[in-house]
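Novice: Here's a structure for you.
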Amino acid sequence: MSMDNIFGIAGTALNAQLTRMNATASNLANAGTVAGTESEAFRSKRPVFKALVDEQMTNAGAPYVGGVKIDRMVDDTTPPRRVSDPKNPLADAQGYVYQSNVSEVTEMVEMMAAARSYQNNVEVINTARQLMMRTLDITKA
Amino acid sequence: MNLLNQALGVHEQALQVKSRRLEVLAQNIANADTPNYKARDIDFKAVLGAAQKQDTAMFATSTGHFATGQEISPDGMRYRTPFNTSFDGNTVEMSVEQANYGKAAADYQATLNFLENRVSSVRKALRGD
């Protein structure tokens with residue numbers, strides 16, 4: 480019965496959305512991080528999702544085909560802010576430090592979007608579970 | 091014997107198609123944030139029509155053989171036409187998918203009700219009261 484697959488598919492989505500939320504938490508935690516050079520400055524990280532259709536060829540019948548996975552993590556390419564702070568022990572020769580390029584507002588929005596997607600998939604599982612239980616009850620009719 | 095083989099009628103296949111449709115809609119919802127993912131759906135009429143007239147069913151060599159359950163064909167998958175475009179090429183529209191999933195769940199339950207009726211009539215016939 481393909482009803483089983485729904486749990487696998489929604490499960491991969493829960494996993495992916497949780498990783499996305501973890502990335503957001505990491506970005507927010509590092510929002511105030513400063514570094515001494517531009518290359519060392521913290522850059523906001525974001526997961527890129529990929530559909531799990533490729534696996535259909537090698538792993539046919541796997542319960543999660545059609546689900547989603549994390550393809551890779553990408554760095555935000557916005558240049559880090561350069562701030563003059565000569566008293567900072569990390570400051571370079573000219574007295575500058577490089578702040579992370581995390582935008583708190585964007586991260587909050589991202590976190591809410593991830594939470595909503597997570598809830599959607601939980602609902603999918605709940606509905607599928609109810610239908611499955613009712614299907615089992617068919618013999619009692 | 092024929093009576094029992096066909097006691098469930100078209101609903102047996104309909105239930106399979108409908109659970110397959112639920113699966114496809116779950117895939118859409120799971121990939122709501124995947125770049126370049128194209129939302130799909132099942133053309134219920136096409137799949138059920140194909141399932142009903144397919145002649146690849148197993149051949150019974152004895153009258154004592156039971157009819158086997160038939161797998162539904164994988165045809166009938168269609169790409170959804172989105173109402174709006176998106177920047178990342180994803181055509182999943184969450185509200186549309188949610189509405190469809192809710193309706194598909196209700197459809198599934200409707201088929202379940204039909205099946206329950208069939209089962210209870212067969213049971214009544216067997217009991218003979």
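Protein sequence lines, in the order shown, are assigned to chains A and B.
First residue of the first sequence: 480, per the numbering used here; consecutive thereafter.
First residue of the second sequence: 91, per the numbering used here; consecutive thereafter.
The beta carbon of each residue, even a glycine, is placed where N, CA and C say it ideally should be.
Counting Cβ pairs closer than 8 Å, one from the stretch 511-531 of chain A and one from the stretch 97-115 of chain B, do we hit at least three?
Specialist: Output reads no: the stretch 97-115 of chain B does not touch the stretch 511-531 of chain A.
Novice: Does the beta-carbon of A/Q496 have 16 or more other beta-carbons within 10 angstroms, so that it is buried, or is it exposed?
Specialist: Buried, because 16 or more other Cβ atoms sit within 10 Å of the Cβ of A/Q496.
Novice: For the alpha helix (DSSP H) containing B/V107, list its first residue and its last residue.
Specialist: H101 to A120 is the extent of the alpha helix (DSSP H) around B/V107.
Novice: What's the C-alpha gap between B/T171 and B/P125?
Specialist: Distance between the alpha carbons of B/T171 and B/P125: 16 Å.
Novice: Which residues, in chain order, does the stretch 109-125 of chain B contribute to contact with chain A at a C-beta distance below 7 Å?
Specialist: Of all residues in the stretch 109-125 of chain B, S109, R110, L112, E113, A116, Q117, I119, A120, N121, A122, D123, T124 and P125 have a Cβ within less than 7 Å of some Cβ in chain A.
Novice: Assuming B/Q188 and A/L610 make a contact with CB atoms under 8 Å, what is their CB distance in whole Å?
Specialist: Contact doesn't hold; Cβ gap of about 16 Å is too wide.
Novice: Could you check whether A/R522 and A/A593 sit closer than 8 Å to each other, using their CB atoms as the reference points?
Specialist: Result no, Cβ atoms of A/A593 and A/R522 do not sit closer than 8 Å.
Novice: Locate the beta strand (DSSP E) running through A/S563, then write down its first and last residues.
Specialist: Its beta strand (DSSP E) spans residues R560 to S563.
Novice: Would a check of beta-carbon distances place A/I549 closer than 8 Å to chain B?
Specialist: No, A/I549 does not count as interfacial toward chain B.
Novice: How about A/T614: is its C-beta nearer than 8 Å to some C-beta of chain B?
Specialist: Answer yes: the Cβ-Cβ gap between A/T614 and chain B drops below 8 Å somewhere.
Novice: Starting from A/V576, follow the beta strand (DSSP E) in both directions and report where the run begins and ends.
Specialist: Element bounds for A/V576: Y575 to Q578.
Novice: Taking DSSP as the reference, what is the three-state secondary structure of B/R168?
Specialist: The answer is strand: DSSP assigns B/R168 an E or B state.
Novice: Counting only Cβ pairs nearer than 8 Å, list the residues of chain C close to B/S210.
Specialist: As a matter of chain content, chain C is missing from the structure shown, whose protein chains are A and B.
Novice: At a Cβ cut of 9 Å, what residues of the stretch 174-188 of chain B count as close to chain A, listed as they run along the chain?
Specialist: Those would be M184, E187 and Q188, in chain order.
Novice: Taking B/Q199 as the query, report the chain A residues whose CB atoms sit under 8 Å from its CB, ordered along the chain.
Specialist: Result: L610 and R613.
Novice: Name the residue from A/M612, A/K524 and A/Y575 whose alpha carbon lies nearest to the alpha carbon of B/A195.
Specialist: Comparing Cα positions, the closest option is A/M612.
Novice: Kindly list the residues whose CB is nearer than 8 Å to the CB of A/G574, restricted to its own chain and excluding five residues on each side of it in sequence; keep chain order.
Specialist: Once the five neighbours on either side are set aside, the close Cβ partners of A/G574 are S563, D564 and P565.
Novice: I need the boundaries of the beta strand (DSSP E) containing A/R551, first residue and last residue.
Specialist: Element bounds for A/R551: V547 to D554.
Novice: Under 7 Å between beta-carbons, which chain A residues line up against B/A195? List them in chain order, please.
Specialist: Within 7 Å Cβ-Cβ: T606 and L610.
Novice: Can you tell me which of the three DSSP states B/R213 falls into?
Specialist: Reduced to three states, the DSSP call for B/R213 is helix.
Novice: Indicate whether B/T181 and B/A129 have their beta-carbon atoms separated by less than 8 Å.
Specialist: Cβ distance < 8 Å, so B/T181 and B/A129 count as in contact.
Novice: Whole angstroms are fine: how far does the CA of B/D219 sit from the CA of A/A492?
Specialist: C-alpha separation (whole angstroms): 51 Å.
Novice: Using a Cβ cut-off of 8 Å (strictly closer), state whether B/E206 contacts chain A.
Specialist: For B/E206, the answer is yes, since a Cβ of chain A falls inside 8 Å of its Cβ.
Novice: Would you call the CB atoms of A/Y543 and A/I488 closer than 8 Å?
Specialist: Contact: yes.
Novice: Report yes if the CB atom of B/L205 is closer than 8 Å to the CB atom of B/H101, and no otherwise.
Specialist: Result yes, Cβ atoms of B/L205 and B/H101 sit closer than 8 Å.
Novice: Please identify the residue among B/D123, B/G192, B/T175 and B/L202 whose C-alpha is closest to the C-alpha of A/G546.
Specialist: Out of B/D123, B/G192, B/T175 and B/L202, B/D123 has the C-alpha closest to the C-alpha of A/G546.
Novice: Buried or exposed for B/N121, going by 16 or more other Cβ atoms inside 10 Å?
Specialist: Looking at its Cβ environment, which holds 16 or more other Cβ atoms inside 10 Å, B/N121 is buried.
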